[in-house]
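K.L.:
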DNA sequence: CTGCTTTGTCCTGTGAGTGGAAAAAGTGGA
DNA sequence: TCCACTTTTTCCACTCACAGGACAAAGCAG
């Protein structure tokens, strides 16, 4: 099938596309209520969108007391690809133009294998999704990578945990391979966009999205827009000092948050605790699996293991301290906690909340919800779809 | 004299006013080069601005190789009032429409006396400026107060160091008294706007402006706009924990940055050092003046007093640690240090720089200037003028 | 005084967009 | 089944912002 290549011709059309994306199929009349355009003008723009094929007719709407209106919707054959590359696994999903996930695949892998090896797997997963009949092709793709990105060009810059990726033209390369427009961003920013679009942050203009995975990062949303900083490294909170003269960190400093709490740190601490005999639960798991991950700690904790709970609480305290500082500084309307370690759930959340509510000023915390992300592993891929749709649904 | 009350009728006029404010008197032709409007349209809008009286003719421009163009400029009789209320003193200045300060007064006072007493003094200072012939009246005023402000209404909310001000309708009250439009903001935000308009931050879109006075605050500028947070308390970094289990702070916590370094903390530490006989220099000053301030420490330091230098260095380290965290998080393009303690100058700056460059990641610090503010005590009042002019020079 | 350039003014054409009229399509009551 | 009323859609005339060309005015360089 030929892919759509049309773009909205003006801001009105862009607005309409966004409304259809976020609100689903809709009648012309109801769209008219939302866009502040005369009926005549609206009709013209809708007709033009129908001509481009981005939008299709969709039967008649229910009556609102008079003549029934004609429904329109985004072309149901449009497909976006969301790719969330983590440190140890990759998520790939297809969505329709309304950003509903139609299919989602996850596969373990190691980013350190480098971009070529990783994208081979990503393309294989994308092909599998195509083969299962969910898509005949893709109209756009949004890619998240676990490190800072020069956003306009879609190129990772100096990513600490994926050295081989520095300067690799991700956007360019994938755009070639997939034959569609591609946008690249930090995985944390994608998660923030995902939660903003379909998760807990739907109504909040300014919020923080803390992702605790192999590392720790933070998506920053200002006035509904992701803030990326001067060099694209905004939100890189993993290397904020959490403990003076604390543990040595891979970055060369001591006491970084990430060195004290993150998926990697937690696994390391758990192994240590098991070997020192401080936790029978963890020790038995270590023996069975030959290693421990954050998930093991989560399981041990929910089985009531005191040491595991302590590890989580301790880490939550550290993280909470750092977040408390960020809350004072940024005064967000919401803090979302997400990432691989959300399995740690409410123990972690409680520890974080305690620290933040204790350390930040009442004016900043007074009405500040601190919640777990709603979308789990789909946040990133939905965010990817959102990223590329924002791009494609803006005037060329 | 009747004050100007006109506002630009559309975005074009607003743009022209801003260009004239920031670029000074200019020829119609040169304006045309900057605004992307046809000559006809430009002429119409300029004529309308001339009719309102906001803009006046200003002779002929130099030839650019052909017919000489007519210059126009903002009405030279326009006057803005900038007011910067600090914890222990108040600055009041008049500017013209190009935001050049024509007169500037400073007077010691104590915010804790409450809004009524303070505004009596502010109005007296404003009257003095009027009496000296610098202004016949004011077309607008921008007020900075040392605490969080509900910006749209111009009302301080729960300000820790000025309890009597909570909920006082500053904007409303001053607008009545002065008979002109008034905008109110946090003093730190005004300083940031001042440095952005006429100081070191002229060309930077995203930067931080750390003000170290009686307390410590931080102005946040995102994409050229001041970011105020959800409840107007963004940038309140004085109560970020800098020292685990450190000194008790007025806010009820321990180890807040402000408890360890700020004008107030520095004075207290200096008195302690003098009394313990650790510094002859400070002791003699204490005896002479009956008390010590940050300025005394600065003087002692520049006289080579080791204890004073240590105090400054120590404080700079603490502040630098906190800023390092903010730099990692926010990835600004510039950090400006200002406020009353800038007398501490390069000793302080060096300490801050050391910490930031050591603790933040290279990608964030690679090209990050950390500099002292350029405008000193005028930053706040210029920021105030800028605030109100931004308001008045936008379509009604 | 003569070309050449820039600036300012005038005027007409164009295209976006509004708002009213009227037709089309429905609803619900008598 | 008819009728009064509502909502939706289309059509059309009218307004308005603005561009861009023509031309006059003003200045420069020989």
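Residue numbers (this note's numbering), protein chains in the order written: chain Z, 5 to 400; chain S, 5 to 400.
Cβ atoms here follow ideal geometry from the backbone N, Cα and C, with glycine treated the same way.
#1: Near residue 169 of chain Z, which residues of its chain fall below 8 Å by C-beta distance, leaving aside the five closest residues on each side in sequence?
#2: Comparing alpha-carbon positions, which option in S:61, S:37, S:60, S:92 lies nearest residue 68 of chain S?
#3: My guess is that residue 174 of chain S and residue 133 of chain S are in contact by the Cβ rule of under 8 Å, so how many angstroms apart are they, rounded?
#4: So, does the CB of residue 333 of chain Z fall closer than 8 Å to a CB anywhere in chain S?
#5: By Cβ distance below 8 Å, which residues in the same chain neighbour residue 370 of chain S in space, the five residues on each side in sequence not counted?
#6: Check the C-beta distance from residue 340 of chain S over to residue 368 of chain S and give it rounded, since I have them as a contact under 8 Å.
#7: Measuring straight from C-alpha to C-alpha, what distance separates residue 388 of chain S and residue 142 of chain S?
#8: Does the beta carbon of residue 300 of chain S come closer than 8 Å to any beta carbon on chain Z?
#9: Using a Cβ-Cβ distance under 8 Å, would residue 257 of chain S count as near chain Z?
#10: Thinking C-alpha only, which one of S:284, S:287, S:335 is nearest residue 236 of chain Z?
#11: Going straight from the alpha carbon of residue 144 of chain Z to that of residue 188 of chain Z, what length do you get?
#12: With residue 197 of chain S and residue 391 of chain S assumed to form a contact (beta carbons below 8 Å), what rounded beta-carbon distance in angstroms separates them?
#13: Does chain S have any CB closer than 8 Å to the CB of residue 330 of chain Z?
#14: With distances taken between CB atoms, is the gap from residue 269 of chain S to residue 262 of chain S smaller than 8 Å?
#15: Quick one: which chain Z residues come within Cβ less than 7 Å of residue 243 of chain S?
#16: Quick one, are the C-beta atoms of residue 375 of chain Z and residue 324 of chain Z less than 8 Å apart?
#17: Chain Z partners of residue 325 of chain S, CB-CB under 8 Å?
#18: Exposed or buried, which one is residue 112 of chain Z when buried takes at least 16 other CB atoms within 10 Å?
#19: Would you identify the three-state DSSP class for residue 265 of chain S, choosing helix, strand or coil?
#20: Identify each residue in the segment 161-186 of chain S for which the Cβ-Cβ distance to at least one residue of chain Z is less than 8 Å, and report them in chain order.
#21: With a 10 Å radius around its C-beta and 16 neighbouring C-beta atoms as the bar for buried, classify residue 284 of chain S as buried or exposed.
#22: List, in order along the chain, the chain Z residues whose C-beta lies closer than 8 Å to that of residue 361 of chain S?
#23: Do residue 225 of chain S and residue 211 of chain S have their beta-carbon atoms positioned less than 8 Å apart in this structure?
#24: CB-CB under 7 Å to residue 154 of chain Z, same chain, minus the five flanking residues each way: which ones, in chain order?
#25: Can you tell me the Cα-Cα spacing of residue 108 of chain S and residue 101 of chain S, whole angstroms?
#26: The alpha helix (DSSP H) that contains residue 108 of chain Z, what's its start and end?
#27: Can you tell me which of the three DSSP states residue 63 of chain S falls into?
#28: I want to verify the contact list: residues of chain Z whose CB lies under 9 Å from the CB of residue 336 of chain S, in sequence order.
#29: Which residue spans inside the segment 161-231 of chain S form an unbroken alpha helix (DSSP H) run of at least 4?
#30: Kindly indicate which residue of S:129, S:83, S:385 has the alpha-carbon position closest to the one of residue 139 of chain S.
#31: Report the residue from Z:354, Z:259, Z:127 whose alpha carbon sits nearest the alpha carbon of residue 179 of chain Z.
#32: Can you give me, in chain order, the residues of the segment 215-231 of chain Z that have a beta carbon less than 9 Å from any beta carbon in chain S?
#33: Taking Cβ to Cβ, would you say residue 246 of chain Z is nearer than 8 Å to residue 260 of chain Z?
#34: List the residues of chain S whose Cβ lies closer than 8 Å to the Cβ of residue 112 of chain Z, in chain order.
#35: Three Cβ pairs or more, each shorter than 8 Å: is that satisfied between the segment 26-43 of chain Z and the segment 58-75 of chain Z?
#36: In angstroms, rounded to a whole number, what distance separates the CA positions of residue 256 of chain S and residue 362 of chain Z?
P.N.:
So, from the listed chains and residues:
#1: 115, 118, 119, 149, 151, 160, 163
#2: S:37
#3: Their Cβ separation, rounded to whole angstroms, is 20 Å, which puts residue 174 of chain S and residue 133 of chain S out of contact at 8 Å.
#4: yes
#5: none
#6: 16 Å between Cβ atoms; not a contact.
#7: 13 Å
#8: no
#9: yes
#10: S:335
#11: 11 Å
#12: 6 Å
#13: yes
#14: yes
#15: 332, 365
#16: no
#17: 245
#18: exposed
#19: coil
#20: 161, 162, 164
#21: exposed
#22: Within chain Z, no residue comes near residue 361 of chain S; the closest Cβ sits about 12 Å away, beyond 8 Å.
#23: yes
#24: 161, 236
#25: 15 Å
#26: No alpha helix (DSSP H) contains residue 108 of chain Z, which is instead part of the beta strand (DSSP E) from 105-112.
#27: strand
#28: 233, 234, 238
#29: 174-182, 191-202
#30: S:83
#31: Z:127
#32: 222, 224, 226, 227, 229, 231
#33: yes
#34: Correct list: empty, because the minimum Cβ distance to chain S is about 28 Å.
#35: yes
#36: 10 Å
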